[in-house]
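Engineer: To convert, take the position in the sequence shown, counting from 1, and add 3; that gives my numbering. Using N, Cα and C, we set each Cβ at its ideal position, and we do this for glycine too. Please find one structure pasted underneath; my questions will follow.
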Amino acid sequence: MTALRQRMLEDMRVRNLSPNTQSSYVLQVSLFARHFGRSPEKLGPEEIRAWQVHLTDDRKLSPASIAVAVSALRFLYKVTLRKAWTFEEVLPAPKPPHKLPVVLSPLEVVRFLGCVDDIKHHAILTTCYAAGLRVSEAVHLKVAAIDSRRMVIRVDQGKGRKDRYVMLSPALLETLRAYWPAVHAREWLFPGDLPGQPITRDAVGNACRKAHRLSGLAKPVTPHSLRHAFAVHLLEAGTDVRTIQLLLGHRSLATTAQYLRIATSTVCATASPLDLLPRPAPIEPKPAAPAPF
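Following this line, the structure appears as structure tokens:
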């Protein structure tokens, strides 16, 4: 390990960045250095610009993927190497596209979950929808996180290393009570194939794809789609945006407010001008001419 990598890792640990973020940043900086065959200490703004052009034009990465590379290089040069650059100019972040998620209707959720045949996969996907969890949060749930007395689920160290509580649906509790004797989960609520390890995100994703294929739904479905459906269905049921923000664990209310653009309670609250147009009077048919004979 080079001295520069060691120092960058120390800087990230001091700032308590998550292990996933640390691994991602180190990988991005390593790819950058290998592309030019030199240490990042010997590379400057021109090489950084060429690297961003390479990622955009040659590798054709998405703006989200390029943003990760930009964040990693910004951390390296701003924090570890302490460059006095104007980072918005030297390392511009790509403008992300504003896309709205495709949301399942309640009936489509029922149809999808009905096609999940494995009891463990059915339980974890139902949990993703019933509690609005990210798949990374669902796979790391422990048995002790289910508090049936207070009817809450404790999410430990979710995204952004934040704890939160979400509601424990009576229907979900019934599903989990039917599921638990089948697996005898001890530590992890959804144990994986490896002893002492939780189920993997890939396993949940594979189960989701299988159920989607069996359901025949035209809409795309991922585990995160169930989280989107959770938020939109709560909005349509009259739950305020601030409460949904707390349940989802969003840092910004603006992130949660995007669901206002999808919920039928807001989109369909105003009548289309087509429905307001006056109805033309029906045209009376002309009387037929009398027969000459």
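Counting Cβ pairs, one atom from each stretch, are 3 or more of them under 8 Å apart for the region 270 to 278 and the region 153 to 163?
Structural biologist: No, the region 270 to 278 does not touch the region 153 to 163.
Engineer: From Arg212, Asp205 and His187, pick the residue whose C-alpha is nearest to that of proline 198; which is it?
Structural biologist: Of the candidates Arg212, Asp205 and His187, the one whose C-alpha sits nearest the C-alpha of proline 198 is His187.
Engineer: Report the residue from Glu140, Arg245 and His215 whose alpha carbon sits nearest the alpha carbon of phenylalanine 193.
Structural biologist: Of Glu140, Arg245 and His215, the residue nearest in Cα terms is Glu140.
Engineer: Please classify arginine 41: does DSSP put it in a helix, a strand, or coil?
Structural biologist: Coil at arginine 41, not helix or strand.
Engineer: Could you name the residues that DSSP lists as bridge partners for arginine 264?
Structural biologist: According to DSSP, arginine 264 bridges with nothing at all.
Engineer: Report buried or exposed for arginine 216, applying the criterion of at least 16 other Cβ atoms within 10 angstroms of its Cβ.
Structural biologist: It counts as exposed.
Engineer: For valine 146, collect the residues of the same chain with a Cβ closer than 6 Å to its Cβ; drop the 5 residues on either side in sequence, then sort them by chain order.
Structural biologist: Correct list, in chain order: Ala188 and Leu192.
Engineer: Would you tell me roughly how many angstroms separate the C-alpha atoms of glycine 195 and threonine 89, rounded to the nearest one?
Structural biologist: Looking at the two C-alpha atoms, the distance is approximately 47 Å.
Engineer: Whole-angstrom Cβ separation of valine 56 and glutamine 31, contact assumed at under 8 Å?
Structural biologist: The Cβ separation is near 16 Å, so there is no contact.
Engineer: Determine the extent of the beta strand (DSSP E) in which lysine 165 is found, giving its start and end residues.
Structural biologist: Taken as a continuous stretch (DSSP letters only), the beta strand (DSSP E) holding lysine 165 covers 165 to 170.
Engineer: How long is the line joining the alpha carbons of isoleucine 265 and arginine 16, rounded to whole angstroms?
Structural biologist: Cα-Cα distance, rounded: 39 Å.
Engineer: Tell me the DSSP bridge mates of glycine 161?
Structural biologist: In the DSSP output, where bridge partners are listed per residue, glycine 161 has Lys165.
Engineer: Run through DSSP, which three-state label would valine 112 get?
Structural biologist: Helix.
Engineer: Valine 73: which of Lys45, Tyr28, Val82 and Pro109 sits nearest, CA to CA?
Structural biologist: Out of Lys45, Tyr28, Val82 and Pro109, Tyr28 has the C-alpha closest to the C-alpha of valine 73.
Engineer: Based on DSSP bridge pairs, tell me the residues matched to isoleucine 149.
Structural biologist: Answer is Ile156.
Engineer: From which residue to which residue does the alpha helix (DSSP H) around glutamate 177 run?
Structural biologist: Per DSSP, glutamate 177 belongs to the alpha helix (DSSP H) from 173 to 186.
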